[in-house]
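Engineer: Residue numbers (the numbering used here), protein chains in the order written: chain D, 27 to 310; chain V, 96 to 370; chain H, 10 to 274.
For glycine and all other residues, C-beta sits at the position ideal for the given N, C-alpha and C.
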């Protein structure tokens, strides 16, 4: 699915003294299969932007097109396009309401009008995709741990086989082990399905593990849109937007300032390690 | 005694529907000195939150004993004195704010202690000044950012004039800028002499302390300085935890024969050591 | 918080804002009772003039006030319609078996007018008095009832907490609604069966979330030394100023004038 955002603007509570411009003139395009990160401080407009892309909000100005169809339109075609987008809000386990894990994951596919056999197959596939055992399908989601309910909620969205998966801080609240596993499962899913991934995150270290392109929002405006290695390593840009750079970048910048001949646009610890070794070897 | 918190043989289990019990804490022995700043880390379910809630009497031991400033938490008539001495700030900034305005919420603690009106006002003024929220005093909490709400929660706890503060993942729901603000405030409070217990999953936060307790399945499995804890990288990974990036890179370098000082935890320290 | 409810409190510094909430509560009550019991046209006019005077003192934007009447438009319309056809008297228009009477017109119009006065009075109250002040005023006014064992202070605390969390709960409802819509639930479907089906995915998560919130809040309150509402003192005490006494006396005076005027006509 091709996503086009053209001059999108959005104002909260317009016409009152509390009115606030949440998005100002945002334009961007996301091609099928891309892995995109969306970063920005709280209140920069990230959640508003993804809700527009999912067709849940009506633009005050500009438009959002999904395969050429306006995202928020009330036509059958627009609705079908919206259902090809999976959106996980922060703490998606808050939306759980069914009695069993099976029914919860099957909820989306049921709304898509699929037949029983297909639904069962999708539930089985989705449960395994998030690393949960098939036996979990008969349990009540309200008896599971936080990390498990998070995965159930994600499985319930993956079961709809979205062409675009939007995730708002998917690892918030998980412990380090849980975070690593979830990111690994997401990479695996994206690889297997070739779907588009749009991930909102505060953590540049985490984005560095999974996305290839990063969009930065600052006060409702587009502050950056480019390759992850370029954007996330741009210290001036990131700190102006209220964000950290990955720890590896901080280290390499500090070394560079002390005279080391190192590149600073390497985001992952392994990459920084190799770069430091290489620089020392070449200096010798 | 200079030990502010003393825990002996603490066990905590709670019953399930089937009649069996789940052991959340299996025998904890721990001493925290006055003015210390301790970090407790562990995977979800390791018992860190349960342990913290014993320190202010929110939970009572199934076995063993907990003393706070010489007071036994399981002694009913001392419970309120314990809660005055140990304040707790929770993870969700929203769900600990009771009142409709900033100053009214900070006043909640002193109001519970039935202090006279002018004393309450004094405490509110002091607490707001400490966290830097004085100019927001008449605003409703929903007009504050997440970070400011967490600072409000801290002010609310400070108004009771506690000797110790327990923070249960205080910054995990905040963005980086606000996280710094909160961690900075915590550091200042420790500098002023408050005993601090910080529960966190972000290993980067744990580098600021002098003592880390690692928990796993209801037990304390490590109790040492950050440097020595981080030396057990593989073990930590197995336990569901992470290493700070600087420590990971330092380990990688040491494995290749590089000589580096043993207690490196932050990017700044590593950069200095390499230059 | 992205929703601005009609009639919500707006912080300002008008004469009315500065009055003690107890005075405002009792004044609102007295005037609303008057609006319901007076019959003569003169009384209604007098009362209206007084309400306008209060609205000016409150520095309330007139358009916003009139907009709050929109909330009861349908109720008022139904009441008017009902009265038109059911009040016995001199028929004006006959439509088959039903007849619109002159009395019906009068009674219907008066009823709508009374309703409007009620809405405006309560809006003026909530415009100029913050939820905290309202809860505080109610608590102090009803305190004598605590002597006979009614949990007045507990109710006041529950009210304060409910008001504090109302915006957060609305946000939660909004978020869950959007999340379920994204999973294919049709919230605004014409089909009554689909409409009914869209309730469970909304209600269950919101209830669960509300209980979880309440549990966390109760824990935090306990940790902050809460042990029951009776033993607590307050940061702000309510004090009656000269303006409060003046306001109370003028309400009393106006009420007496109106009632006596009623008696005489």
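Going by the CB atoms, is the gap between residue 104(V) and residue 130(V) shorter than 8 Å?
Structural biologist: Contact: no.
Engineer: Does any CB atom of chain H fall closer than 8 Å to the CB of residue 175(D)?
Structural biologist: Taking Cβ atoms only, chain H never reaches closer than 8 Å to residue 175(D), which makes this a no.
Engineer: Shorter than 8 Å from the beta carbon of residue 139(H) to some beta carbon of chain V?
Structural biologist: Answer yes: the Cβ-Cβ gap between residue 139(H) and chain V drops below 8 Å somewhere.
Engineer: Can you confirm whether the segment 25-35 of chain H touches the segment 248-258 of chain H when touching is taken to mean that 3 or more C-beta pairs between the two stretches lie within less than 8 Å?
Structural biologist: Result yes; three or more Cβ-Cβ pairs closer than 8 Å.
Engineer: Could you please tell me which residues of the segment 258-281 of chain D, in chain order, have their CB closer than 8 Å to any CB of chain V?
Structural biologist: If the cut-off is 8 Å between Cβ atoms, the segment 258-281 of chain D has 268, 269, 270, 272, 273, 274, 276, 277, 280 and 281 near chain V.
Engineer: With 8 Å as the threshold, decide whether the Cβ of residue 171(D) is near any Cβ in chain V.
Structural biologist: Yes, contact with chain V.
Engineer: Have a look at the DSSP bridge pairing and note the partners of residue 315(V).
Structural biologist: 310(V), per the DSSP bridge assignment.
Engineer: According to DSSP, is residue 183(V) part of a helix, a strand, or is it coil?
Structural biologist: In the structure shown, residue 183(V) sits in a strand (DSSP, three-state: E or B).
Engineer: Sorted by chain position, which residues of the same chain lie with C-beta nearer than 6 Å to residue 256(H)'s C-beta, five sequence neighbours on each side aside?
Structural biologist: Result list for residue 256(H): 28 and 32, in chain order.
Engineer: Out of 260(H), 223(H), 271(H) and 235(H), state which residue places its alpha-carbon closest to the alpha-carbon of residue 37(H).
Structural biologist: The candidate whose alpha carbon is nearest that of residue 37(H) is 260(H).
Engineer: When we look at the beta-carbon of residue 12(H) and count the other beta-carbons within 10 Å, is it buried (16 or more) or exposed?
Structural biologist: At residue 12(H) the pLDDT is 39, less than 50, meaning the model places this residue with poor confidence and gives no usable figure here.
Engineer: Start and end of the beta strand (DSSP E) containing residue 192(D)?
Structural biologist: Taken as a continuous stretch (DSSP letters only), the beta strand (DSSP E) holding residue 192(D) covers 190-194.
Engineer: Rounded to whole angstroms, what's the CA-CA distance from residue 223(H) to residue 190(V)? Just pull it up for me.
Structural biologist: So the two alpha carbons sit approximately 8 Å from each other.
Engineer: Got a sec: which bits of the segment 208-234 of chain V sit with their beta carbon under 8 Å from any beta carbon on chain H, in order along the chain?
Structural biologist: Per Cβ criterion, the list reads 208, 209, 210, 211, 212, 215, 216, 219 and 233.
Engineer: Taking only beta-carbon atoms, is residue 240(V) less than 8 Å away from chain H?
Structural biologist: It does not: the Cβ of residue 240(V) has no partner Cβ on chain H nearer than 8 Å.
Engineer: Return the chain-ordered ranges of every alpha helix (DSSP H) run that is complete within the segment 135-212 of chain V and spans a minimum of 4 residues.
Structural biologist: Listed in chain order, they are 143-149, 174-180, 197-201 and 203-207.
Engineer: Look at residue 304(V) and residue 293(V) and say whether their C-beta atoms are less than 8 Å apart.
Structural biologist: Yes; because the gap between Cβ atoms is below 8 Å, this pair is in contact.
Engineer: With DSSP run on the structure shown, which of helix, strand or coil describes residue 247(D)?
Structural biologist: If DSSP states are grouped into helix, strand and coil, residue 247(D) belongs with the strands.
Engineer: If we define contact as Cβ-Cβ less than 8 Å, is residue 190(H) a contact residue for chain D?
Structural biologist: So, interface residue.
Engineer: Between residue 245(D) and chain H, is there a C-beta pair that is closer than 8 Å?
Structural biologist: Cβ-Cβ to chain H under 8 Å: no for residue 245(D).
Engineer: Is residue 202(V) near residue 254(V), with beta carbons less than 8 Å apart?
Structural biologist: Their beta carbons are under 8 Å apart, which means residue 202(V) touches residue 254(V) by this criterion.
Engineer: From the DSSP output, in three-state form, read off residue 78(D) for me.
Structural biologist: Residue 78(D): helix per DSSP, three-state reduction.
Engineer: Can you list, in chain order, the residues of its chain with a C-beta nearer than 6 Å to that of residue 179(V)? Leave out the 5 residues immediately preceding and following it.
Structural biologist: 255, listed in sequence order.
Engineer: Can you list, in chain order, the residues of its chain with a C-beta nearer than 6 Å to that of residue 362(V)? Leave out the 5 residues immediately preceding and following it.
Structural biologist: Closer than 6 Å at the Cβ level, and outside the excluded window around residue 362(V), lie 341.
Engineer: Which residues in chain D sit within 8 Å of residue 139(V), going by Cβ to Cβ distance?
Structural biologist: Within 8 Å Cβ-Cβ: 171, 172, 173, 200, 201 and 204.
Engineer: Quick check on the burial criterion: 16 or more other C-beta atoms within 10 angstroms. Buried or exposed for residue 172(V)?
Structural biologist: Classification of residue 172(V): exposed, given that the 10 Å Cβ count is below 16.
Engineer: Please list the terminal residues of the continuous alpha helix (DSSP H) segment that includes residue 297(D).
Structural biologist: Residue 297(D) -> alpha helix (DSSP H) spans 295-309.
Engineer: Applying a beta-carbon distance threshold of less than 7 Å, which residues of chain H neighbour residue 196(V)?
Structural biologist: Within 7 Å Cβ-Cβ: 141.
Engineer: In the segment 210-227 of chain H, which residues sit with their C-beta less than 7 Å from some C-beta in chain D, listed in chain order?
Structural biologist: Going along the segment 210-227 of chain H in chain order, one finds 210, 213, 214 and 218 with a Cβ nearer than 7 Å to chain D.
Engineer: Under the DSSP definition of a beta bridge, which residues are partnered with residue 259(V)?
Structural biologist: Answer is 181(V) and 290(V).
Engineer: In chain order, what are the residue ranges of uninterrupted beta strand (DSSP E) at least 3 long that sit wholly in the segment 117-172 of chain D?
Structural biologist: Runs of the beta strand (DSSP E) inside the segment 117-172 of chain D: none found.
Engineer: Look at the Cβ atom of residue 184(H), then the Cβ atom of residue 133(D), and state whether they are nearer than 8 Å.
Structural biologist: Contact flag unset, no.
Engineer: Is the Cβ-Cβ distance between residue 269(D) and residue 271(V) less than 8 Å?
Structural biologist: Yes, these two residues count as a Cβ contact at 8 Å.
Engineer: If you draw a straight line from the C-alpha of residue 309(V) to the C-alpha of residue 316(V), how long is it?
Structural biologist: Distance between the alpha carbons of residue 309(V) and residue 316(V) is about 6 Å.
Engineer: For chain D, is any of its Cβ atoms less than 8 Å away from the one on residue 79(H)?
Structural biologist: Residue 79(H) does not count as touching chain D.
Engineer: Could you compute how far the alpha carbon of residue 155(H) sits from the alpha carbon of residue 165(H)?
Structural biologist: Rounded to the nearest angstrom, the two C-alpha atoms are 12 Å apart.
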